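The structure under discussion appears below in the form of structure tokens.
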Amino acid sequence: MNVLLADYFLATGTTFGQLRAALRPDDRTPPFERILARAVQRGDLPDAQWPPRIMNLPFDLLRHDLLTTLQAVPDAAITEIVDQVWLPLLHTYRQTRQPE
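Under the numbering used here, the residue at position 91 of the sequence shown is numbered 93, and the numbers go up by one with no gaps.
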């Protein structure tokens, strides 16, 4: 898959980022940014400048699973990404950024 994608990007002069941007509508807030905004509104997380890598981590892990297995990602894996990786990271990041 990586070879095919590399050949495609080489032939078209584009990048994975450009493909991703083309697949995401410009008029919408990225999904994980909306999720974090809702958590802030509920009071679950403080209003913070979340780094893009932290915001996009669930999608990046999902994409990794898709590209490495070339199969649908099971619901259990998605739950694991959110519950065991992303949420603990958000709470740890929050704790390290709280004012003293």
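Don't be surprised by glycine CBs; every beta carbon is placed ideally from N, CA and C.
Here the structure is a predicted model, which is why all the values come from computation and not from measurement.
**Request:** Would you check if there are 3 or more beta carbon pairs closer than 8 Å linking the segment 70 to 77 to the segment 45 to 54?
**Result:** no
**Message:** I'd like the list of long-range same chain contacts for Leu-7, defined as Cβ closer than 6 Å, with 5 residues on each side in sequence excluded.
**Reply:** none
**Asked** Between the Cα of Pro-60 and the Cα atoms of Thr-98, Ala-41, Val-87, Phe-18, which residue gives the shortest distance?
**Response** Val-87
**Prompt:** By DSSP, does Pro-53 sit in helix, in strand, or in coil?
**Reply:** Annotated three-state conformation of Pro-53 is coil, per DSSP.
**Item:** Segment limits, alpha helix (DSSP H) that includes Val-42
**Value:** Note, Val-42: alpha helix (DSSP H), 33 to 44.
**Item:** Gly-45 versus Ala-39 - alpha carbon distance
**Value:** 10 Å
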